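Counting in this note's numbering, the sequence shown runs from 521 upward without gaps.
All C-beta atoms, glycine included, are put in the ideal place defined by N, C-alpha and C.
Predicted model only: the values in this text are computed from it and were never measured.
Okay, so here's the structure we're looking at.
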Amino acid sequence: MTILLIAVLGGVGAAARFVVDGSVRARWTRVFPLATLVVNVTGSFLIGLLDGAHLYHGLGPTWLAVAATGFCGGYTTFSTAMVETVRLVQAGEVRRATVNAVGSVVLCLGAAALGVAVMAL
């Protein structure tokens, strides 16, 4: 049953990513891949909230795995962020590529930590 829930929530997460990505892309027409960054930062924050709920509020490990691996795993996309970074380098946008790569790690780490901290309150 757990695997089925992870699969279903993974599909829901992927659909949510499609909607958020499309919404951001419709409004952001510059070279920088902001849509993927928004998805990954919000997904990292959500995983932080889930981990905090597990640590401080009794969310069980199975539900943590289902929500984090399922929904958040389907929603976030590190691989797309890295491919977009490679494309920026190929287009001669080395500065933007560096900002994307470093910014993705720093912002996602901060968002996850903030999510945990919020749940610790």
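Sequence-distant residues of the same chain with beta carbon closer than 7 Å to residue i, five excluded per side
| i | result |
| --- | --- |
| valine 559 | Arg537, Val540, Asp541, Tyr595, Thr596 and Thr597 |
Own chain partners of residue i with C-beta closer than 8 Å, once the 5 adjacent residues on each side are dropped
| i | result |
| --- | --- |
| alanine 632 | Ser564, Phe565, Ile567, Gly568 and Asp571 |
| tryptophan 548 | Leu554 and Ala555 |
| leucine 584 | Leu570, Asp571, Ala573 and His574 |
| methionine 639 | Gly568, Leu569, Asp571, Gly572, Ala573, Leu575, Tyr576 and His577 |
| threonine 522 | Thr582, Ala585 and Val586 |
Inter-residue Cα distance where the pair is residue i and residue j
| i | j | result |
| --- | --- | --- |
| leucine 575 | alanine 534 | 26 Å |
| threonine 589 | glycine 578 | 18 Å |
| asparagine 620 | glutamate 604 | 8 Å |
| phenylalanine 591 | leucine 634 | 19 Å |
| leucine 627 | leucine 524 | 31 Å |
| serine 643 | glycine 593 | This structure cannot settle anything about residue 643, because the visible part of the chain is limited to 521 through 641. |
| valine 625 | arginine 615 | 16 Å |
| valine 532 | alanine 617 | 29 Å |
| serine 543 | leucine 608 | 21 Å |
| valine 606 | leucine 629 | 21 Å |
DSSP three-state assignment for residue i, whether helix, strand or coil
| i | result |
| --- | --- |
| alanine 573 | helix |
| phenylalanine 591 | helix |
| phenylalanine 552 | coil |
| leucine 529 | helix |
| glycine 580 | coil |
| threonine 605 | helix |
| glycine 635 | helix |
| alanine 621 | helix |
| alanine 536 | helix |
| glycine 612 | coil |
| threonine 600 | helix |
| leucine 641 | coil |
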